[in-house]
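Enquirer: Following this message is one structure expressed as C-alpha cells.
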Amino acid sequence: DAKTTQPNSMESNEEEPVHLPCNHSTISGTDYIHWYRQLPSQGPEYVIHGLTSNVNNRMASLAIAEDRKSSTLILHRATLRDAAVYYCILRPANAGNMLTFGGGTRLMVKP
Amino acid sequence: SQTIHQWPATLVQPVGSPLSLECTVEGTSNPNLYWYRQAAGRGLQLLFYSVGIGQISSEVPQNLSASRPQDRQFILSSKKLLLSDSGFYLCAWSLRTRAFFGQGTRLTVV
C-alpha cells in the first residue's frame with residue numbers, strides 16, 4: 500500500500516491560516532488523497548478528498564502537487580475547535596473503500 | 006440521512022471475560038462496514054471490514070472476531086479478553102468515497 504508521511508505535530512495561532520503537508524511519493528495513478536481529522540475522544544471525520552485537481556469545501560482546501568507526490572491541507576482561519584489530529588490517507592480506487600491510517604499530524608491552535 | 010450507532014460508549018471488563026460491541030447503520034443499504042481500534046496515544050488500526058452479510062475480512066490476527074448478521078449490523082466479539090485488548094474501538098461505514106465513523110467505545114480491560 501502507498502504510504503504517506505506527515506509531521507508529527509504543528510502549531511498555529513488562532514485565526515491564522517494553517518498549511519498541513521503530506522508526502523506520498525509512491526502514490527499510484529488511481530489513488531485518491533483523503534484527509535480526515537480526529538478531535539479528542541471522538542471518531543475521525545471526513546474533511547476533504549481529491550484526485551488531481553485542487554479542491555475546496557466549507558471546511559478546508561486541498562492543494563495537490565502537479566506530480567501528485569505531495570499535497571497540502573489548508574485551513575484558511577484556524578479556530579480552537581480545529582485542534583485535532585489530521586490524517587492524510589491514500590485510498591486506492593478498487594480497495595473497497597478501506598482507509599489505512601498513519602500517524603497523522605497533531606495540530607495545536609493557540610489563542 | 007445516514008447515521009451510525011455504536012454502543013456502549015465506555016466499558017470496563019475483567020481479563021478473560023467475553024466482549025460484544027454492536028454497531029448499526031441507518032439510512033443506507035449494503036454499506037461497507039469496518040471495525041478499527043486505537044490504543045492509547047496511537048493511530049487507528051483496521052481490524053475487520055465487511056462488504057456484505059456474512060462476508061468478513063480480518064486485517065490483524067488476534068483474539069477478536071467480527072460478524073455481520075444483517076445488512077446494517079456489525080458486531081465485534083471476543084471469547085476471552087486480554088489486557089492488550091484495551092483501547093478505543095470505532096465502527097465505520099462507507100459507500101463510495103468517504104467513510105463515516107461512530108462515536109467509539111472506550112474499552113478498559115482490568
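Protein sequences, first through last, are from chains Z and A.
Read in order, the letters of the first sequence are residues 500 to 610 in the numbering used here.
Read in order, the letters of the second sequence are residues 6 to 115 in the numbering used here.
Note that the Cβ used here is the ideal one computed from N, Cα and C, for glycine as well.
1) Take I515 of chain Z as the anchor and find which of Z:L574, Z:S527, Z:L538 has the nearest alpha-carbon.
2) Identify whether D530 of chain Z lies in helix, strand or coil by the three-state DSSP scheme.
3) Hey, is the stretch 7–21 of chain A in contact with the stretch 549–566 of chain Z, meaning 3+ C-beta pairs nearer than 8 Å?
4) Give me the chain A residues within the contact set of P543 of chain Z, using Cβ-Cβ distance strictly less than 9 Å, ordered along the chain.
5) So what's L572 of chain Z in DSSP terms, helix, strand or just coil?
6) Determine contact between the stretch 578–589 of chain Z and the stretch 70–85 of chain A, defined as no fewer than three beta-carbon pairs at a distance below 8 Å.
7) Taking only beta-carbon positions, decide if G46 of chain A is within less than 8 Å of chain Z.
8) Do we get a CB-CB distance below 8 Å when we pair G528 of chain Z with the residues of chain A?
9) Going along the chain, which residues of its own chain have a beta-carbon closer than 6 Å to the beta-carbon of P539 of chain Z, five neighbours each way excluded?
10) List, in order along the chain, the chain Z residues whose C-beta lies closer than 9 Å to that of G92 of chain A?
11) Considering only C-alpha positions, which residue in the set A:T110, A:L100, A:V115, A:Q43 is nearest to D76 of chain A?
12) For the stretch 524–539 of chain Z against the stretch 76–87 of chain A, do three or more pairs of beta-carbon atoms, one drawn from each stretch, fall closer than 8 Å, so that the two count as touching?
13) So, at 6 Å on beta carbons, what are the nonlocal neighbours of R605 of chain Z in its own chain, with the 5 sequence-adjacent residues on each side left out?
14) Find the residues of chain Z that neighbour G109 of chain A, judging by a C-beta separation of less than 8 Å, and give them in chain order.
15) What residues are listed by DSSP as bridge partners for V608 of chain Z?
16) Run down chain A in chain order and give the residues with a C-beta less than 8 Å from the C-beta of T599 of chain Z.
17) H548 of chain Z touches chain A at which residues, Cβ-Cβ below 8 Å?
18) Please classify G59 of chain A: is it buried, with 16 or more other beta-carbons within 10 angstroms of its beta-carbon, or exposed?
Expert: With the given structure in hand:
1) Taking the first sequence and counting its residues from 1, the one referred to as residue 515 of chain Z is at position 16. It should be noted that the sequence gives Glu, not Ile, for residue 515 of chain Z. The candidate whose alpha carbon is nearest that of E515 of chain Z is Z:L574.
2) In the first sequence, residue 530 of chain Z corresponds to position 31, counting from 1. Correct three-state label for D530 of chain Z: strand.
3) no
4) Working through the first sequence from its first residue, we reach residue 543 of chain Z at position 44. Simply Y41, L49, L95, A97, A104, F106.
5) For the purposes of this step, residue 572 of chain Z is taken as residue 73 along the first sequence, with counting starting at 1. Correct three-state label for L572 of chain Z: strand.
6) no
7) Reading the second sequence from its first residue, position 41 is the one you call residue 46 of chain A. Output row for G46 of chain A: interface = no.
8) Numbered from 1 along the first sequence, position 29 holds the residue referred to as residue 528 of chain Z. By this cut-off, G528 of chain Z is not an interface position.
9) Here residue 539 of chain Z corresponds to residue number 40 of the first sequence, with the count starting at 1. So the list is empty, once near-sequence residues are dropped.
10) For this step, residue 92 of chain A is matched to residue 87 along the second sequence. None at all; the shortest Cβ gap to chain Z is about 13 Å.
11) For this step, residue 76 of chain A is matched to residue 71 along the second sequence. Nearest option by C-alpha distance: A:L100.
12) no
13) Counting from one through the first sequence, the residue named residue 605 of chain Z turns up at place 106. Counting only Cβ-Cβ distances below 6 Å, and skipping sequence neighbours, we find S508, V584.
14) Indexing the second sequence from 1 puts residue 109 of chain A at position 104. Simply S540, Q541, G542.
15) Indexing the first sequence from 1 puts residue 608 of chain Z at position 109. Answer is Z:S511.
16) As a working mapping, residue 599 of chain Z is identified with position 100 in the first sequence. In chain order: L51.
17) On the first sequence, position 49 is the one that residue 548 of chain Z refers to. Near H548 of chain Z (Cβ distances below 8 Å), the residues of chain A are T102, R103.
18) Numbered from its first residue, the second sequence carries residue 59 of chain A at position 54. Counting Cβ neighbours within 10 Å, G59 of chain A comes out exposed, since fewer than 16 surround it.
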